[in-house]
Amino acid sequence: MFSFIFDIFYYPLYNAIVLLSALSPSNDFGLAVVVLTVLIKILILPLSHISIKAQRKLKEIDPEIRRIKELYKGKQEEQAVKIMNLYKEHGVNPFASIFLLFIQLPMFIALYYIFSNNIDLTSPVIFSFNLIPSTINTMFLGLIDLSESNIYLAILVGLTQFIQTKLSVPELPKIKDKNPSFADDFAKSMNWQIKYFLPIFIIFIAAKLNAAVSVFWITSNAFSIAHEVMVKRKAEKIR
Numbered sequence: 000m001f002s003f004i005f006d007i008f009y010y011p012l013y014n015a016i017v018l019l020s021a022l023s024p025s026n027d028f029g030l031a032v033v034v035l036t037v038l039i040k041i042l043i044l045p046l047s048h049i050s051i052k053a054q055r056k057l058k059e060i061d062p063e064i065r066r067i068k069e070l071y072k073g074k075q076e077e078q079a080v081k082i083m084n085l086y087k088e089h090g091v092n093p094f095a096s097i098f099l100l101f102i103q104l105p106m107f108i109a110l111y112y113i114f115s116n117n118i119d120l121t122s123p124v125i126f127s128f129n130l131i132p133s134t135i136n137t138m139f140l141g142l143i144d145l146s147e148s149n150i151y152l153a154i155l156v157g158l159t160q161f162i163q164t165k166l167s168v169p170e171l172p173k174i175k176d177k178n179p180s181f182a183d184d185f186a187k188s189m190n191w192q193i194k195y196f197l198p199i200f201i202i203f204i205a206a207k208l209n210a211a212v213s214v215f216w217i218t219s220n221a222f223s224i225a226h227e228v229m230v231k232r233k234a235e236k237i238r
């Protein structure tokens with residue numbers, strides 16, 4: 000099942016990167032990676048927009064959710080019904096982010112496999128009608144060899160990931176209770192790990208992969224940051 004879904008994305012994306020490399024100046028593989036990443040982000044933009052709006056609405060109603068949990072402590076069924084009614088009242092889909100992840104995951108895994116291996120211009124994966132370059136130039140802008148790892152790009156991956164996470168993951172409200180529950184402690188711990196540990200962990204991963212993966216990651220993060228900022232500014236204007 001997963002193999003089938005993977006192939007649905009792998010074949011078109013492989014051919015897309017070959018085509019974009021052929022159309023790029025000097026057959027620049029790096030430019031092809033940037034353009035393909037931007038095109039993909041634009042393609043899933045409607046889903047990303049829905050996910051961001053859902054996250055912001057969840058942040059707005061979080062105090063009300065906490066009040067319901069406190070009011071119906073120990074009454075899980077009533078608590079769930081009240082929270083679901085609150086979601087409906089505010090038009091919030093709590094599964095919007097999960098649906099976006101479900102769409103993105105096989106696509107990004109396919110891209111990872113493509114970027115982490117050298118493009119084979121004789122591969123049977125390439126469509127017969129595709130425009131095939133005579134060679135793939137892995138020197139991005141004539142400066143960075145994307146076939147090798149690059150620590151500076153890896154650090155930039157971590158930095159853009161930190162900014163993107165900082166913008167997208169809401170701050171948890173301060174807990175007034177001197178004896179916070181396990182759920183509150185767990186949420187606080189997860190929030191900290193996602194914001195601070197994850198970007199550092201990603202730097203170590205990116206440092207071991209070839210730089211093409213880093214260029215993809217940086218471009219994807221930069222696009223997400225720009226989108227988050229635009230949505231935030233638009234929301235502030237409406238207020």
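Residue 142 in numbering that gives the first Met the number 0 is what sits at position 143 of the sequence shown, and the numbering runs on without skipping anything. A virtual CB, placed ideally from N, CA and C, is assigned to each residue, including glycine.
Residue 27 has its alpha-carbon roughly 18 Å from the corresponding atom of residue 125.
In this structure, DSSP gives residue 143 an extended state, which the three-state scheme calls strand. If you look at residue 29, you'll find it in the alpha helix (DSSP H) that goes 28–42.
Taking one beta carbon from each stretch, the stretch 126–137 and the stretch 191–205 have fewer than 3 pairs nearer than 8 Å; the two do not touch. With fewer than 16 other Cβ atoms from the protein chains shown falling within 10 Å of its own Cβ, residue 141 counts as exposed. When DSSP states are grouped into helix, strand and coil, residue 14 belongs to the helix group.
Straight-line measurement puts the Cα of residue 205 at about 17 Å from the Cα of residue 162. With a contact defined as Cβ atoms closer than 8 Å, residue 221 and residue 145 miss out at about 17 Å. Note that the stretch 101–110 does not touch the stretch 77–85; fewer than 3 beta-carbon pairs, one per stretch, sit closer than 8 Å. Taking C-beta atoms as the reference points, residue 51 and residue 230 count as a pair closer than 8 Å. Between the C-alpha atoms of residue 100 and residue 137 there is a straight-line separation of about 30 Å.
Rounded to the nearest angstrom, the Cβ distance from residue 19 to residue 31 is 4 Å, consistent with a contact under 8 Å.
Boundaries for residue 25: no alpha helix (DSSP H) harbours it, and the DSSP string shows neither H nor E there. Boundaries of the alpha helix (DSSP H) around residue 159: 150–167. Annotation: residue 128 is outside any alpha helix (DSSP H) and is labelled neither H nor E by DSSP.
Ranked by Cα distance from residue 110, the options 13, 200 and 209 are led by 13.
In this structure, the alpha-carbon of residue 68 lies about 29 Å from that of residue 227.
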